[in-house]
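My numbering numbers the first residue of the sequence shown as 203 and each following residue consecutively.
Virtual Cβ for every residue (Gly too), placed ideally from N, Cα, C.
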Amino acid sequence: MGCIHSQPSCNKCAEKVEGTEHLETQDKQGSILEGRHEEAKQGCWSEQKLKFMCFSGSAKYVNILYHLVYREHIRMGQPRKTTLEEVKGAMYRGSVHDFPDFDPNQDAEALYTAMKGFGSDKESILELITSRSNQQRQEISQSYKSLYGKDLIADLKYELTGKFERLIVNLMRPLAYCDAKEIKDAISGIGTDEKCLIEILASRTNEQMHQLVAAYKDAYERDLESDIIGDTSGHFQKMLVVLLQGTRENDDVVSEDLVQQDVQDLYEAGELKWGTDEAQFIYILGNRSKQHLRLVFDEYLKTTGKPIEASIRGELSGDFEKLMLAVVKCIRSTPEYFAERLFKAMKGLGTRDNTLIRIMVSRSELDMLDIREIFRTKYEKSLYSMIKNDTSGEYKKALLKLCGGDDDAAGQFFPEAAQVAYQMWELSAVARVELRGTVCAARDFNPDADAKALRKAMKGIGTDEATIIDIITHRSNAQRQQIRQTFKSHFGRDLMADLKSELSGDLARLILGLMMPPAHYDAKQLKKAMEGAGTDEKALIEILATRTNAEIRAINEAYKEDYHTSLEEALSSDTSGHFRRILISLATGNREEGGENRDQAREDAQVAAEILEIADTPSGDKTSLETRFMTVLCTRSYPHLRRVFQEFIKMTNYDIEHVIKKEMSGDVKDAFVAIVQSVKNKPLFFADKLYKSMKGAGTDEKTLTRVMVSRSEVDLFNVRREFIEKYDKSLHQTIESDTSGDFLKALLALCGGED
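Here is the structure:
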């Protein structure tokens, strides 16, 4: 087999690719090479095979596969022969390319004509400049000066205005000079644009940094390091200066001993030290190679139980903290860092145009396709559509040209966005995620003492809410049941009744929820969702779509015991149609618990493709397909469904969640989306629920309470991690700003810490 272009050798690959017969390829669109993870873990992929895989689509896939291979080489004491940059270098990931049949004189004449006379032809200007590479634009500038004795940038500044002018002029500068101008503007005048400094200096390679320093010197006849020292201070200044040197290591071999030493040094410099040794953070994060630091971050999490980002947030502050977090993000994934920056530049009221322009210009010939992939997957909308909705006029048209395509358009790069999900699931099959709650059994537990303390807190005039909160939020549910029994034995009173009498509002609902056994609490939430006028479908979906078989069976027993009717009967009388069938199927608690079956997964993926109307050859009647699709999502095991979702992508080039959202509607859509999200990443599903419960005006206290109570001993620690990763603020911080009083105190106790 030759290259992805089905030839023994070709110009695009620049070499013959051999020894790849065992790799499974997709069709000529070349979306995914499946490969074999066992081979990756054995460290047996050759440089040619890795380069071959670059042509299959997403650069993030290369990151994942390379990381597996690389770690195994280190474990086996083998030198690394191919750097990640070399592997990715086999594939161009920019959105702007060299223009074919380029003629700088002809382009210079076209621009002169567009600016000649009264007014200017902005459409022609933007079309030409956004269709040429930066190197070609420099040749056009030179030709323009030779032909007309005029400076092209000066003429463009004269003819154009506003944001459109800034964008076009930035495109006309060499990239290093563009960065130099941005930094000059950031430190000129009153105040400093620290965000601009952080973005540029945290993300550039050694070579780019050297070019920046030289360009700054050439353009302004000043020393960049001296100017930054003059405009910043403290540890923030020191880290900027370290980054400015452009001396980050790029060793071929990473020492596992040095990785362990750096983990220990970082831990001792922060978590284990009274105060913080900022110099250690600066030295290690500012100088070690990216490959080395990725391994350090992995080992740091294993050793300390928390990601390096959490330690940075806890130990550092201000602009220094923001800079170090940006460095970590760029080490992990530079395209993901820029996707996040672009999203924030356009999120909410107003647009941060300087940031938007700077990133679109600087990444258009580097990794814009990777940024787009991550943007589409992370924010469930395309970068193209967000730019389109957030900007206007020629400025918008030029930005969209730099973006290079709409990932929401069928068949155009959206498959790569879907592949990111595929790759992350594939990686998750190798990774082992430990689920952790934030509430655990108290040491030296004494139910007698707790029962007496609670009785005292509620006796007489007034109530000692602080004591009640402290005891109940710091005991496991099993311990709370012992306290209930002891309370009744000692005082002949029902603890739940006393708490209900003494507490009120949101705090009462939270504390009483914590005091109930989990199955009885879920049963009560389901009962409430079906009581009175209207049904809380979201609560029904949240509980039934996310609980394990054992939890579902316990809920059925609790519902029967507490309400003297079966859960199935209650659901049947309160819901209807396909939604009712889905809920009843989930409520049986008969989801398979085995592993994946690849042959069956392909059949299941075909059913999904047919019912969602994107299969090439639909077969069978629709009613039968609907039943089979429901059976797949409601009864297959989680590992099997992950494989189904992967096969669905291979079959259709779409992510099943996005298609469900597009093709379905109402409660059926919401139920299926919840199942898919739970299979993909259950803690992230609950992080989203918590965020939405506190987003905007008002708080959905019922959802907030339900999630905090039900996940506190299951995976709330993981939910916290997903929350801060996705929303860039901690769950603790969000609760603190959105609730108050004793309810706030109890929620923060359950939250279990600030990330």
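Taking the C-alpha atoms as reference points, what is the distance between residue i and residue j?
{"i": "Ala-655", "j": "Val-465", "result": "43 Å"}
{"i": "Val-530", "j": "Tyr-539", "result": "9 Å"}
{"i": "Met-144", "j": "Ala-747", "result": "Lying before the first or after the last residue shown, residue 144 is absent from the chain, which here runs from 203 to 957."}
{"i": "Thr-969", "j": "His-412", "result": "With the chain represented from 203 up to 957, any question about residue 969 goes unanswered, as that position is not in the structure."}
{"i": "Ile-674", "j": "Lys-904", "result": "19 Å"}
{"i": "Ala-382", "j": "Ile-402", "result": "10 Å"}
{"i": "Ala-721", "j": "Ile-743", "result": "16 Å"}
{"i": "Ile-754", "j": "Leu-918", "result": "19 Å"}
{"i": "Ala-644", "j": "Pro-509", "result": "25 Å"}
{"i": "Thr-407", "j": "Gly-448", "result": "7 Å"}
{"i": "Gly-943", "j": "Gly-791", "result": "39 Å"}
{"i": "Glu-938", "j": "Leu-946", "result": "7 Å"}
{"i": "Cys-836", "j": "Thr-579", "result": "24 Å"}
{"i": "Glu-770", "j": "Met-732", "result": "12 Å"}
{"i": "Ala-699", "j": "Lys-928", "result": "40 Å"}
{"i": "Glu-667", "j": "Ala-659", "result": "7 Å"}
{"i": "Glu-582", "j": "His-860", "result": "8 Å"}
{"i": "Ala-388", "j": "Leu-369", "result": "17 Å"}
{"i": "Val-298", "j": "Asn-372", "result": "15 Å"}
{"i": "Asp-764", "j": "Phe-499", "result": "48 Å"}
{"i": "Asp-453", "j": "Arg-515", "result": "29 Å"}
Count the other CB atoms within 10 Å of the CB of residue i; is the residue buried (16 or more) or exposed (fewer)?
{"i": "Gln-344", "result": "exposed"}
{"i": "Glu-865", "result": "exposed"}
{"i": "Thr-434", "result": "buried"}
{"i": "Phe-615", "result": "Residue confidence is low: Phe-615 scores 37 on pLDDT, short of 50, so the model does not pin down where it sits. Its coordinate-derived value is still stated next. With 16 or more other Cβ atoms within 10 Å, it is buried."}
{"i": "Leu-827", "result": "buried"}
{"i": "Gly-507", "result": "exposed"}
{"i": "Phe-320", "result": "exposed"}
{"i": "Thr-777", "result": "buried"}
{"i": "His-437", "result": "buried"}
{"i": "Ala-735", "result": "exposed"}
{"i": "Thr-505", "result": "exposed"}
{"i": "Lys-365", "result": "buried"}
{"i": "Asp-801", "result": "exposed"}
{"i": "Gly-488", "result": "buried"}
Quick check on this structure: which residue in the options has the alpha carbon closest to the alpha carbon of residue i?
{"i": "Leu-446", "options": "Phe-888, Asn-452, Leu-426", "result": "Leu-426"}
{"i": "Gly-664", "options": "Val-911, Ala-951, Arg-490, Ser-703", "result": "Ser-703"}
{"i": "Leu-712", "options": "Lys-603, Glu-805, Ala-948, Ser-775", "result": "Ala-948"}
{"i": "Glu-794", "options": "Ile-514, Arg-782, Asn-883, Asn-751", "result": "Asn-751"}
{"i": "Ser-513", "options": "Lys-492, Gly-552, Glu-473", "result": "Glu-473"}
{"i": "Leu-906", "options": "Lys-365, Lys-891, Gly-393", "result": "Lys-891"}
{"i": "Ala-421", "options": "Cys-398, Gly-734, Pro-376, Leu-358", "result": "Pro-376"}
{"i": "Phe-933", "options": "Lys-894, Lys-440, Ala-899, Gly-900", "result": "Just to set this straight, residue 933 is Leu in the shown sequence, not Phe. Checking every option, the nearest Cα to that of Leu-933 belongs to Lys-894."}
{"i": "Asn-799", "options": "Pro-841, Leu-362, Lys-599", "result": "Pro-841"}
{"i": "Met-832", "options": "Ala-807, Ile-851, Lys-852", "result": "Ala-807"}
{"i": "Leu-705", "options": "Ile-671, Glu-849, Leu-497, Leu-568", "result": "Ile-671"}
{"i": "Leu-952", "options": "Lys-524, Val-875, Ser-912, Ala-312", "result": "Ser-912"}
{"i": "Ile-784", "options": "Ala-756, Ile-877, Arg-424", "result": "Ile-877"}
{"i": "Phe-522", "options": "Asn-452, Val-443, Ile-533, Ile-576", "result": "Val-443"}
{"i": "Ala-356", "options": "Leu-571, Leu-313, Glu-329", "result": "Leu-313"}
{"i": "Lys-603", "options": "Leu-362, Gln-879, Ile-331, Gly-955", "result": "Ile-331"}
{"i": "Asp-869", "options": "Gly-954, Phe-781, Cys-380, Leu-328", "result": "Phe-781"}
In terms of residues, what are the limits of the alpha helix (DSSP H) holding residue i?
{"i": "Met-441", "result": "436-446"}
{"i": "Arg-838", "result": "First-last for Arg-838: undefined, no H or E at that position."}
{"i": "Ala-747", "result": "739-748"}
{"i": "Gly-779", "result": "779-789"}
{"i": "Gly-364", "result": "364-374"}
{"i": "Phe-499", "result": "492-506"}
{"i": "Asn-883", "result": "868-896"}
{"i": "Asp-666", "result": "Counting along the chain, Asp-666 falls outside any alpha helix (DSSP H), and DSSP gives it neither H nor E."}
{"i": "Thr-557", "result": "555-565"}
{"i": "Ala-356", "result": "354-361"}
{"i": "Glu-759", "result": "751-765"}
{"i": "Pro-720", "result": "720-732"}
{"i": "Cys-605", "result": "595-605"}
{"i": "Ile-792", "result": "The question names Ile, but residue 792 in the sequence shown is Asn. From DSSP, Asn-792 is part of no alpha helix (DSSP H); its letter is neither H nor E."}
{"i": "Val-455", "result": "Val-455 -> no alpha helix (DSSP H), and no H or E assigned at all."}
{"i": "Glu-538", "result": "520-548"}
Q. At which residue ranges does the stretch 913-942 contain complete alpha helix (DSSP H) runs of 4 or more residues, listed in the order of the chain?
A. Entirely contained in the stretch 913-942, the alpha helix (DSSP H) runs reaching 4 residues are, in chain order, 918-929, 933-940.
Q) What are the start and end residues of each continuous alpha helix (DSSP H) run of 4 or more residues lying completely inside the stretch 381-438, in chain order? A) DSSP runs (the alpha helix (DSSP H)) wholly in the stretch 381-438: 396-405, 408-422, 426-433.
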